[in-house]
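For reference, the structure discussed in these notes is given below.
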Amino acid sequence: MALIELHLHSKVLGMELPVNLIIPQEKQPFNKDKKSKVLWLLHGGSGDESAWIRMSSMERYAIEYGITVITPGGLNSCFTDMEHGGKFCTYMTEELPKTLKQIIPLLSTEREDNFIAGLSNGGYGCLRVGLSRPDLYAAIGAFSAGNKADIPFVNDGSGKAYGRIEVFGEGEIKGTEHDVEYLAREAIQSGKMLPKIYHACGSLDTWLDLNKLVYHFFDRHHVYDYTYHQAEGYGHTWDFWEMEIVNFLNLLDLKKDNTSYIGL
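The numbering of the sequence shown is this note's numbering, which starts it at 1 and goes up by one.
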């Protein structure tokens, strides 16, 4: 197993950002024509690009499922194109995949081989990114993931309000590119193949009501292959997110293999 930490300059963002990759190493001789499937894994608002690696067993899961895991840094952007900051969705969908493909050619760029998931702010982020570009990802795994457009905003001068303005501006974001429902409808109208969506939230999660709103939206739009799981007794915690990333991996067309990769 190879664990790689890169620091890449982004022209889109005008800064250098870290990105981690977990790449399973096969026991068989290297085959340059074989491409690796990719899971893009997004952190939450209080984490960074190292969170999934430090707080879960993602290295072991990458080896077991034979998939490259990429954990990019998104700062406090929610992985959207910020109103007063960097265009992180553009970075995720247009710049970063091309840059990494140049550096690591074994990464597959085929839609059916790419999946995106995330927790909390990154759960919103994977819906934001995945629904804006349904041509790039076969499946989305959103954990503890509400729609930011469903959160009422009052500018009370607090640090939280300032952060919201920085990312989404002061105005209403319903019906904009920051709105998951808007993006989901636009994806339908595009006529493109839609990603499979796995959405999960713990019954004790503080943001359960926001997750329920997302569930009710997709439950009305049967054109999506959408699955919702409410985990009883779990909150906004790593034991829940670790359980759900395994559930998501089990939904994908991946062959769990305990013999082909070094480390098993």
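Note that CB positions come from ideal geometry on N, CA and C, so glycine has one too. If you're wondering where the values come from, they're calculated on a predicted model, not measured in any experiment.
Residue i classed as buried or exposed, judged by whether at least 16 other C-beta atoms fall within 10 angstroms
i, result
"T206", "exposed"
"K148", "buried"
"Y162", "exposed"
"G191", "exposed"
"G118", "buried"
"H7", "exposed"
"K37", "buried"
Whether residue i touches residue j by CB criterion (9 Å)
i, j, result
"T249", "Y61", "For the sequence presented, residue 249 should be read as Leu rather than Thr. Their beta carbons are under 9 Å apart, which means L249 touches Y61 by this criterion."
"R128", "L183", "yes"
"N121", "Y137", "no"
"S10", "E95", "yes"
"Y224", "L194", "yes"
"F143", "A187", "no"
"S77", "V167", "yes"
Residue i versus residue j: straight-line alpha-carbon distance, rounded
i, j, result
"E5", "V19", "6 Å"
"K32", "G202", "42 Å"
"R185", "I262", "43 Å"
"G125", "I140", "10 Å"
"L3", "F218", "36 Å"
"P105", "W241", "30 Å"
"Y215", "Y234", "18 Å"
"H43", "D135", "22 Å"
"S108", "R164", "35 Å"
Assigned secondary structure, residue i (DSSP; H/G/I helix, E/B strand, else coil)
i, result
"G73", "coil"
"I262", "coil"
"E177", "coil"
"M92", "helix"
"I188", "helix"
"M15", "strand"
"I23", "strand"
"I4", "strand"
"K98", "helix"
Original post:
Which whole runs of the alpha helix (DSSP H) in the segment 195-245 are 4 residues long or more, in chain order?
Top reply: 208-220
Original post:
Which residue spans inside the segment 100-181 form an unbroken alpha helix (DSSP H) run of at least 4?
Top reply: Runs of the alpha helix (DSSP H) lying entirely within the segment 100-181, each at least 4 residues long, are 121-132, 159-168 in chain order.
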